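Read in order, the letters of the sequence shown are residues 1102 to 1276 in my numbering. Where is the CB? At the ideal position from N, CA and C, for every residue including glycine. All values derive from a computational prediction rather than experimental measurement. Just below is one structure, and these are the notes that go with it.
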Amino acid sequence: MRYLAVLTSFLALFGCKTNVQKLQISTIYTEPKRVLKEIPETGAIQTYVSRKEVTERLVPLIYMLYKDAETLKFRMQGNISSSGHAVHQLRKIRFERGEQKGNTITLRYYLEIKKYPGKQSADVKGYNYTKDEIYKIPNDVKLINIQLYEDRIDGIAATNPKLIAEQTFNFFAKI
1102 MRYLAVLTSF LALFGCKTNV QKLQISTIYT EPKRVLKEIP ETGAIQTYVS
1152 RKEVTERLVP LIYMLYKDAE TLKFRMQGNI SSSGHAVHQL RKIRFERGEQ
1202 KGNTITLRYY LEIKKYPGKQ SADVKGYNYT KDEIYKIPND VKLINIQLYE
1252 DRIDGIAATN PKLIAEQTFN FFAKI
């Protein structure tokens, strides 16, 4: 009997679905590239190595994936730079509901970027991120303004978040 209760609680736990969407992070890689440069004073040709990005950087953007009468599904995407002795990692995307004024609501999302001590690989130039969100639209809201901020978390001093993407979705009925 006890095993049956444990088994049913596990099945109930695994059967649940949540609206929490996973944050997808991928690395922006580079590769060495040999470059020839002529020195004008001496006429000699010098060879040096630079780095060329192999992975495409995602542009900071917010766009709609799906919309019906009650829900809005949208995607936030972008990139952060991280290389050399400055290792920056994206910890999470924090949601703060903004104020509702009339039929307009503002949703604010903050990228929490933490700087860690250490050395980054020469092949890594940063990280791309994407996250899908589902928002239940209140009945009286016709305009949804979504803002994406970059918030650098440094232990010593708090910085002002920087707005990196903004998108407004208009749901007024068309006549």
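Original post:
Can you name the start and end residues of the beta strand (DSSP E) that Glu1200 belongs to?
Top reply: Val1188 to Lys1202
Original post:
For the putative contact between Lys1226 and Glu1154, defined by C-beta atoms under 8 Å, what is the C-beta separation to the nearest angstrom?
Top reply: 6 Å
Subject >> Contact set for Tyr1250: own chain, Cβ-Cβ below 8 Å, skip 5 residues either direction >> reply: Arg1209, Tyr1210, Tyr1211, Leu1212, Pro1262, Lys1263, Leu1264 and Ile1265
**OP:** Along the beta strand (DSSP E) that carries Lys1232, what are the first and last residues, could you check?
**Re:** Val1225 to Lys1237
**OP:** Compute the Euclidean distance between the alpha carbons of Asp1346 and Glu1142, then round it to the nearest angstrom.
**Re:** Because residue 1346 is not part of the residues shown, which for the chain are 1102 to 1276, the question remains open.
**OP:** In angstroms with no decimal places, state the Cα-to-Cα distance between Gly1219 and Phe1175.
**Re:** 35 Å
**OP:** Could you tell me which residues DSSP puts in a beta bridge with Lys1174?
**Re:** Tyr1167 and Ile1235
Original post:
Could you check where the beta strand (DSSP E) with Lys1153 kicks off and where it finishes?
Top reply: Ile1146 to Glu1154
Original post:
What's the call for Gln1147, buried or exposed, on a 16-neighbour Cβ count within 10 Å?
Top reply: exposed
Original post:
If you drop the 5 nearest sequence neighbours on each side, which residues of the same chain put their C-beta closer than 6 Å to that of Leu1173?
Top reply: Tyr1236 and Ile1238
Original post:
The beta strand (DSSP E) with Gln1125 in it runs from where to where?
Top reply: Leu1124 to Glu1139
**OP:** Taking only the alpha-carbon atoms, compute the straight-line gap between Lys1216 and Asp1241 and give it to the nearest angstrom.
**Re:** 41 Å
Original post:
Which class does Thr1143 belong to by DSSP, given the choice of helix, strand or coil?
Top reply: coil
Original post:
Between the C-alpha atoms of Ile1140 and Val1150, what's the straight-line distance to the nearest angstrom?
Top reply: 16 Å
Original post:
What separation, rounded to the nearest whole angstrom, lies between the Cα atoms of Ser1127 and Gln1268?
Top reply: 24 Å
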